[in-house]
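Participant: Supplied in structure tokens, the structure appears directly below.
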Amino acid sequence: MKMTQLKDIRRDCHATLSPIRRLPAEVLVKILRWTPKSNIELRDTPDNYQSFFVHGFNVFKISEGPWYLGQVCSSWRYIVWFLCPETWSRIKIGCPLNPEDIRIPAPGKGMIALLNQVLERGHNHCLDFFFISYRHAMDDPEELVEPQEVIQCFDLLLTHSEHWGCVELEIDPFYMPRLSQVRGRVNQLEELNLMCIPDAMPGNMDAFEIAPKLRTLEFGGMHAEADTPFPKENLSFFSDARPVLGHHTVRKYLDIIASAPRLTTFFYFHYDSTIPESPSEHHPQIVHQSLRTLSTALGPLIDSLTLPGLLWLTAQSRMRFGGAFDCPEDTVSRIYHLVVRSECSLTSLSFVGEIMDENLLPLLRLIPRLISLSFEWYDPVPSEESDAAMRSVFLDMSKTVRVGDGIQHTLLPRLEVLELKIFLVEFETVEFLDAGLVEMVASRCIPVDSRVLEMLRINVHGRGFHVPFIINDSDFGLEKLKSFQDHGLELDLDLDDLEDHSSLEGMYSSESEDDD
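If you're matching positions, the sequence shown starts at 1 in the numbering used here and goes up one per residue.
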């Protein structure tokens, strides 16, 4: 009886696998070569660290990537191992939080052997990888020692630097000196994302000074005094997050912009430092025709740029491990003069942590083609000056004028997305979230002849706060705001009050569970 059952199982398995086995090898090769072209969704497990740029299979898990594909049958295994180097070319290397989570696909194969096998099977194909150091992933890295196997994996990757294509590194300062080994040996490198936490030490880090194909470069956690030379001729994307080093910082980043004719995106985030309020030296005006996206709160840098093609602008610093934003009070004024000087047509404008003032309304009048407008505060509550500025803007945004047979708003007639996000509010009232806001939204949702507001996001997080339109019993209260969803408005209303979690959080999303 048992033998009969085993034969039945074998027959069923053979019938199931036969179509796979009959596929021509060249067809299988094309199918399997396609698999790494789409990003691999990383499951939320303890040893799956989240990468942001390079999405590949975990070298040390047999349930992912080519390790898994090679288990289907012998023909698949042969093709994956020897004919599909692309499937081994996008990888993730990180020591599991729990050493017991290491999944070894064969006896006697440690982490070094596995990585070496992956690199060998990739042949000379361009290598994209994400590497995270063990201490980088820990909450208290000072209490931990980097495992020797992880260090050896990093050193092994360095020996293959001539094949690097897209690289994402999240490492601690221990690894920085080792990078010098790749200087002059990264001729295929196109994208580099280097995050060092805690901050790297000062000094020269010239590992990527010779990288002729470099197009995308992102630094994070570099020391303010660290010298990190790199080629700029082909650079199209640049991002850096580090403290300001006096006025030398302004000159340094102006030189980067001026020396990168193909640059389209530039981000500079400062933290743990104070921006110089007034320049002690004159910075020449830099005119850059191709720059489309700018994100910075460095005032002297903004003052020194003329960007005729600018479309997306974000004024922000970056929060540093729970610290506060450090943005100058005259940011709106500086942006106003940038737009006047550049004569650009912004389509997206975002403010993060800035104090709004009387320059906000004149600025918005300069950019009638704006499609997306976002405000974000991390102060306990927006200042009285910001409150007055926002009320004034909402009032003008409600005004319309007849143009031909239709109705058009006098301010921001093309606006489709509006975001208002306030965090860390404690026992305060967010005054400008009142009936005036609801009335403005009504004017942009109901008239069918006017360009309608498509998306409204209001997020308020804190404790014991008050939002006036919630408790407003007039015609422009909460129920009125919710009714605009019937006119096509996508409403994301998230009022997360720690004093009363059961009240409002997540209740007003336009995609409610009832619609599922």
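We treat Cβ as the ideally placed atom computed from N, Cα and C, and that holds for glycine.
Note that this is a predicted model, so its numbers are computed, not measured.
Taking the alpha-carbon of Leu189 as reference, which of Lys213, Ser180 and Pro198 has the nearest alpha-carbon?
Facilitator: Of the candidates Lys213, Ser180 and Pro198, the one whose C-alpha sits nearest the C-alpha of Leu189 is Lys213.
Participant: So, helix, strand or coil for Leu456, using DSSP?
Facilitator: Reduced to three states, the DSSP call for Leu456 is strand.
Participant: Can you give me the Cβ contacts of Leu158 inside the same chain, cut-off strictly under 7 Å, excluding the 5 residues immediately before and after it?
Facilitator: Counting only Cβ-Cβ distances below 7 Å, and skipping sequence neighbours, we find Arg178, Gln181 and Val182.
Participant: Can you tell me which residues form a DSSP beta bridge with Leu373?
Facilitator: According to DSSP, which records beta bridges pairwise, Leu373 is partnered with Leu349 and Leu418.
Participant: Which one or two residues does DSSP pair with Leu495 in a beta bridge?
Facilitator: Paired residues: Val460.
Participant: If we count the other Cβ atoms within 10 Å of its Cβ and call it buried at 16 or more, is Lys30 buried or exposed?
Facilitator: Looking at its Cβ environment, which holds fewer than 16 other Cβ atoms inside 10 Å, Lys30 is exposed.
Participant: Straight-line CA distance for Pro261 to Ser290?
Facilitator: Cα to Cα, Pro261 sits roughly 7 Å from Ser290.
Participant: If you check the beta carbons only, do Leu235 and Leu217 fall under 9 Å apart?
Facilitator: Contact: yes.
Participant: Using the Cα positions of Glu479 and Cys344, report the straight-line distance between them to the nearest angstrom.
Facilitator: For Glu479 and Cys344, the distance between alpha carbons rounds to 39 Å.
Participant: Rounded to whole angstroms, what's the CA-CA distance from Thr314 to Gly70? Just pull it up for me.
Facilitator: Each residue's Cα considered, the two are about 46 Å apart.
Participant: With respect to the alpha helix (DSSP H) encompassing Met440, which residues constitute its N-terminal and C-terminal limits?
Facilitator: Looking at the DSSP string, the run of the alpha helix (DSSP H) that includes Met440 is Ala435 to Cys445.
Participant: Out of curiosity, what's the CA-to-CA distance linking Asn124 and Val118?
Facilitator: Those two C-alpha atoms are separated by around 12 Å.
Participant: Just confirm the distance between the C-beta atoms of Val250 and Leu301, as a whole number of angstroms; I'd bet it's less than 8 Å.
Facilitator: That belief holds up - the Cβ atoms of Val250 and Leu301 are roughly 5 Å apart, short of 8 Å.
Participant: Where does Ser239 sit, in a helix, a strand or coil, going by DSSP?
Facilitator: The answer is strand: DSSP assigns Ser239 an E or B state.
Participant: For Ile210, collect the residues of the same chain with a Cβ closer than 6 Å to its Cβ; drop the 5 residues on either side in sequence, then sort them by chain order.
Facilitator: Once the five neighbours on either side are set aside, the close Cβ partners of Ile210 are Gly184.
Participant: Which residues in the same chain have their Cβ closer than 6 Å to the Cβ of Glu431, if we skip the five residues on either side of it in sequence?
Facilitator: So the qualifying residues of the chain are Asp387.
Participant: Using the three-state DSSP reduction, which class does Gln289 fall into: helix, strand or coil?
Facilitator: Coil at Gln289, not helix or strand.
Participant: In this structure, does DSSP put Phe52 in helix, strand or coil?
Facilitator: Residue state, collapsed to three classes: coil.
Participant: I'd like the list of long-range same chain contacts for Leu395, defined as Cβ closer than 7 Å, with 5 residues on each side in sequence excluded.
Facilitator: Cβ within range, chain order: Gly436.
Participant: Where do the N-terminal and C-terminal ends of the alpha helix (DSSP H) with Ile79 fall, by residue?
Facilitator: Taken as a continuous stretch (DSSP letters only), the alpha helix (DSSP H) holding Ile79 covers Ser74 to Phe82.
Participant: Buried or exposed for Ser63, please, with buried defined as at least 16 other CB atoms from any protein chain shown within 10 angstroms of its CB.
Facilitator: The residue in question, Ser63, is exposed, as its Cβ has fewer than 16 Cβ neighbours within 10 Å.
Participant: Which residues in the same chain have their Cβ closer than 6 Å to the Cβ of Lys399, if we skip the five residues on either side of it in sequence?
Facilitator: So the list reads Thr410, once near-sequence residues are dropped.
Participant: My assumption, with CB atoms under 8 Å, is that Ser342 sits in contact with Ser374. Please give the rounded CB distance.
Facilitator: With 8 Å as the limit, Ser342 and Ser374 do not qualify as a contact, their Cβ atoms being about 20 Å apart.
Participant: Confirm, please, whether the CB-CB distance from Phe469 to Leu418 is below 9 Å.
Facilitator: No. Outside cutoff.
Participant: Look at the alpha carbon of Asp497 and the alpha carbon of His487, and state the distance between them as a whole number of angstroms.
Facilitator: Approximately 28 Å between the Cα atoms of the pair.
Participant: If we count the other Cβ atoms within 10 Å of its Cβ and call it buried at 16 or more, is Pro382 buried or exposed?
Facilitator: Buried, by the Cβ-count rule.
Participant: Where do the N-terminal and C-terminal ends of the beta strand (DSSP E) with Tyr268 fall, by residue?
Facilitator: First-last of the beta strand (DSSP E) with Tyr268: Thr265 to Phe269.
Participant: Compare the beta carbon distance of Val438 and Val460 with 9 Å and say whether it is the shorter of the two.
Facilitator: The answer is no: Cβ separation not under 9 Å.
Participant: With a 10 Å radius around its C-beta and 16 neighbouring C-beta atoms as the bar for buried, classify Phe484 as buried or exposed.
Facilitator: Buried, because 16 or more other Cβ atoms sit within 10 Å of the Cβ of Phe484.
Participant: Kindly list the residues whose CB is nearer than 6 Å to the CB of Phe237, restricted to its own chain and excluding five residues on each side of it in sequence; keep chain order.
Facilitator: The residues are Thr216 and Thr265.
Participant: Can you tell which of Val54, His163, Val167 and Pro173 has its C-alpha closest to the C-alpha of Glu146?
Facilitator: Of Val54, His163, Val167 and Pro173, the residue nearest in Cα terms is Pro173.
Participant: Given a cut-off of 9 Å on the beta-carbon distance, is the pair Thr293 and Trp312 in contact?
Facilitator: Cβ distance < 9 Å, so Thr293 and Trp312 count as in contact.
Participant: Are there any heavy atoms of the ligand MN lying less than 8 Å away from the beta-carbon of Phe60, as far as the coordinates show?
Facilitator: With respect to the ligand MN, the structure shown offers nothing to examine, as it has no ligands at all.
Participant: Which residues does DSSP list as the beta-bridge partners of Asp227?
Facilitator: Answer is Asn204, bridged to Asp227.
Participant: Applying the criterion that 16 or more other CB atoms from any shown protein chain within 10 Å of the CB defines a buried residue, is Ala200 buried or exposed?
Facilitator: Result: buried.
Participant: At the level of alpha carbons, what is the spacing between Pro328 and Trp88?
Facilitator: Roughly 48 Å between the two C-alpha positions.
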